[in-house]
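In this note's numbering, the protein residues as written are 2 to 690.
C-beta: ideal position from N, C-alpha, C; glycine also.
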C-alpha cells in the first residue's frame, strides 16, 4: 500500500484519480506506463483512496476491468482499511463486485474496526445488496465475523431483521452462529431479531438451536424485547420453543411491564402463558399503573382481568397443553406434511401410533402416557383407532378456547340490545366545525392565497428613524448600499388584526382578494371588527369588502363588532348597510351578542335602531332571557324596559277544542335578583355559537 509522499507522486496520483472519475482511459494508460512505478496502486495522501476504489464507488465495471489489466491489486486498502470490494459491496454494485471477486479479491479482509465485507453488505436492505451477499458468501466471506467492539455480523443483521429477512436467513444457512452474542452487553442475535419483530428470522434462529432463555448483562431475555415492541406473533413463537415467561430483569421489570405500554393482546398472552402481572418493579410500579399513566385503557382492562385470573386453575389450561398447542400452531405446515406421508389419500386421519410417532420425531413437548392417551381419544371421532390431525391442529379439543389464537383476533363489537334507553339528561347537539384547507400555492410557487407579502420598512436606521425622518424621499438612498431584506409572508387576517395597512394595500393592489378567508372562513373585515380596528375596517370597506359575509358559524362582521362591544364600529357598519337582524347558526343576532358583551350603550343603540327583541335562538332563549342569565343590571333594565313597552305576542295557532282562541302569553317577569353561587358571585354562562 504505497502512499504518495513527494510532490511528484502526489500530483500524479491526483491526476490518475481525476482521470478515473472522468473515464479517460488513454490518459490513465499514459500515466501508468510513463509515471512512477506501481502508480495504479498508490493511495491518495488525504484519505487513502485508490484508483480501483474510486471506480468501485462509481459503479464503473469497465474501468475496474481496465485497471485490473494495468496491474491494479484488488486488495489495496484505504486509510480506514477498506478495500475496493468492500466499497462496491457498501453501495450494492453487483457487477463491480463480481469482477473483483473473479480477480481474487480477499473476502476475509477486515477494516481498522475489525469489520469484514459482510458488515458493508448488510448496510442497506436492497435486492442489489442481497445479490452482493450471495457473491461474498460464495467466495468465502466469514459469516461469524466479529468487529473489534464485540458485535457479530449476524447480530447486526438481526437488528434490522424485519427489513432484511432474506439476508439473515442466508447467513444462517451458511453457518452463522444462532447464539451469536455481543461481548460487552451480552445481547444475543435472538434478542435483536425479537426486537425487530421478524417472525421468520426468530423461528429460523430457534430452529437452528438458539437459546430462547439467554440473558444479557441487564438480565433481559428475548421475551422482554418482543414484549417491548408489542410483537404478538414473535411472543407466540417464543412460547412454542418453551420460553420462560415468569422472568424479571435487573430493574424488576417483567415482560408484562413492557407490554403494558399500549399492547393489550400481548398483555393477555403473556399473563396466560405464565408472566405474573402482580409483581412490582424496583420502583414499586405495577404494570397496570404503567398502562394507566400512559392512557392505555385496553391494556389496563386486560391487566386487571389478568390479576384476578392469574394463578387460578381452570379446565383445559394445563401447562403441557398450552405448550403443545403453541408448538403445533407454529409448525402447522410441517406437521401436515409429516402426517400426509401416512395419509396418502389426504383423508385427514392417521393411525394413532403413526400420529404419536410423527410428534415424537418432530420433537413435540408430549405429556405423560395418561394425558397422551386422553389426547388421542379426544381426536378419535370414528372410534377406529385413528386421529383427526386437522382437528388436533385447531386445539379445540384439549385446550380452553380463551387460550386459542383465534381468541386474540380482533372481533367486531357487539351491538347493544334494544329496548333500553340511556339516562335522561342534557344531550350534546353535534355542531360540525367547518374548516377549509389553506389551498394550493399561488402562481410562481408562492404560499396559499391567505398569506400575503409583508411590507417591511426598508431604510438605514443609523441615518433615519422615527424622530428624524428624511426631509425628501430622494434623500433616503438606503436601497443603493443595503441588502434587501428577505421576503416574508403574513396571514392576511394577522395584518388586519395589527393594523398593517401598508401590507394590505400592497397585497390588494397586486390582485389579492379583499375577502380572502382563513381556516375558519373569517375575512379580514371580521378580524378588524372583532379587534375594534376602525381604521382597517374603513379601509377594507373602501376596497370593496363584503359587509354581510359570514364565517363558519354564520357570524357577520356586525356580530363580531357587537361581541367586542365596539359602539363606534357598529354605528359605522350600520351606516354602510350591515344587516341589523342577521342570525347565526344557533339563532343569535347582533343584539344578543351585544347583551353578552355587557355594553349597555351598545344595547341601547341597537334597540333604538329597531333591532328585533322578540326573537329566539335554538335553545328557545330570547334577548330578555339572555340578559337575565348574564345578569348585568344595566343591560337588564334596558332590555326589560323595551320588552314591557311591546305588545304581547299573539297566538298564531288555531283555536282550541272549546272554540276560543288561545290565551296570550304574558311577557317574562324580571327576576328579583341574579342567580348567584354560594360565595355571592354572579354566574355568567359562556356564549354558545
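In three-state terms, what does DSSP make of residue i?
i           : result
residue 591 : helix
residue 404 : helix
residue 629 : helix
residue 399 : coil
residue 35  : helix
residue 147 : strand
residue 549 : coil
residue 214 : coil
residue 277 : coil
residue 688 : Because residue 688 sits at a pLDDT of 47, beneath the cut-off of 50, its placement in the model cannot be relied upon, and the following sentence gives the value as read from the coordinates. Looking at residue 688 - three-state DSSP - the assignment turns out to be coil, as it is neither helix nor strand.
residue 345 : coil
residue 483 : coil
residue 608 : helix
residue 340 : helix
residue 225 : helix
residue 639 : helix
residue 299 : helix
residue 573 : helix
residue 230 : helix
residue 580 : coil
residue 70  : helix
residue 439 : coil
residue 86  : helix
residue 286 : coil
residue 645 : helix
residue 377 : helix
residue 466 : coil
residue 739 : The requested residue 739 is not part of the displayed model; the chain covers only 2 to 690.
residue 509 : helix
residue 409 : helix
Check the C-beta distance from residue i over to residue j and give it rounded, since I have them as a contact under 8 angstroms.
i           : j           : result
residue 236 : residue 227 : 5 angstroms
residue 288 : residue 249 : Their Cβ separation, rounded to whole angstroms, is 12 angstroms, which puts residue 288 and residue 249 out of contact at 8 angstroms.
residue 528 : residue 497 : 5 angstroms
residue 163 : residue 198 : 5 angstroms
residue 69  : residue 33  : Wrong, their Cβ atoms sit about 12 angstroms apart, outside the cutoff.
residue 549 : residue 519 : Not confirmed; about 18 angstroms, so no contact.
residue 567 : residue 533 : 4 angstroms
residue 292 : residue 261 : 4 angstroms
residue 142 : residue 117 : 6 angstroms
residue 50  : residue 79  : 6 angstroms
residue 555 : residue 517 : Not quite, the Cβ-Cβ distance comes to about 19 angstroms (not below 8 angstroms), so this is no contact.
Do residue j and residue i have their beta-carbon atoms positioned less than 8 angstroms apart in this structure?
i           : j           : result
residue 521 : residue 553 : yes
residue 253 : residue 218 : no
residue 275 : residue 233 : no
residue 91  : residue 47  : no
residue 42  : residue 4   : no
residue 334 : residue 388 : no
residue 596 : residue 627 : yes
residue 441 : residue 454 : no
residue 318 : residue 401 : yes
residue 17  : residue 52  : yes
residue 66  : residue 35  : no
residue 330 : residue 406 : yes
residue 560 : residue 583 : yes
residue 24  : residue 61  : yes
residue 328 : residue 365 : yes
residue 373 : residue 357 : yes
residue 557 : residue 538 : no
residue 270 : residue 229 : no
residue 279 : residue 311 : yes
residue 87  : residue 21  : no
residue 571 : residue 601 : no
Taking the DSSP output, what are the residues bridged to residue i?
i           : result
residue 350 : 389
residue 452 : 492
residue 182 : 189
residue 318 : Answer is none; residue 318 lacks a bridge partner.
residue 153 : 147
residue 44  : 4
Ignoring anything shorter than 4 residues or poking outside the region 101-131, list the alpha helix (DSSP H) runs there in chain order.
Every alpha helix (DSSP H) of 4 residues or more that sits fully in the region 101-131 is shown, in chain order, as 118-122.
Whole alpha helix (DSSP H) elements within the region 234-261, 4-residue minimum
256-260
Every unbroken alpha helix (DSSP H) within the region 5-32, with a cutoff of 4 residues, ordered by chain
For secondary structure counted as the alpha helix (DSSP H) over 4 or more consecutive residues, the region 5-32 holds these complete runs in sequence order: 8-23.
In chain order, which continuous runs of the beta strand (DSSP E) of length 3 or greater are located wholly inside the region 512-567?
none
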